[in-house]
């Protein structure tokens with residue numbers, strides 16, 4: 142299966158520190174360059190220098206509490222369901 146590469150535009154983001162690294166939960170627009178765009182969510186790490194850690198679509202999440210805390214932060218900021226037809 143051929144993989145598509147996409148440019149990612151981050152619309153909203155919440156962060157949680159884990160030592161020197163930062164775990165981010167983001168709502169993004171994925172632009173495939175062929176006129177097709179998709180909205181979606183992702184978890185991604187920021188390195189201590191502030192740059193994103195490229196991980197080919199995977200981000201190791203240390204525990205369920207981190208996931209829940211980041212999603213709750215996104216809900217409080219009002220964008221957790223931005224990509225859904227569901228409303229808070």
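In the numbering used here, the protein residues as written are 142 to 229. Just so you know, even glycine gets a beta-carbon here, dropped at the ideal spot from N, CA and C.
Sequence-distant Cβ neighbours of residue 182 in its own chain, meaning closer than 8 Å and more than five residues away, are 166, 167, 168, 169, 224. Scanning its chain for C-beta atoms nearer than 8 Å, with the 5 sequence neighbours on each side dropped, one finds around residue 172 the residues 147, 148, 149, 150, 178, in chain order. Apart from sequence neighbours up to five positions away, the residues of its chain that approach residue 156 with a beta-carbon distance below 6 Å are 163, 165, ordered along the chain. With distances taken between CA atoms, residue 189 lies nearest to 158 out of 180, 196, 158, 145.
Between residue 220 and residue 200, the gap from beta carbon to beta carbon reaches 8 Å or more. Per DSSP, reduced to three states, the secondary structure at residue 152 is strand.
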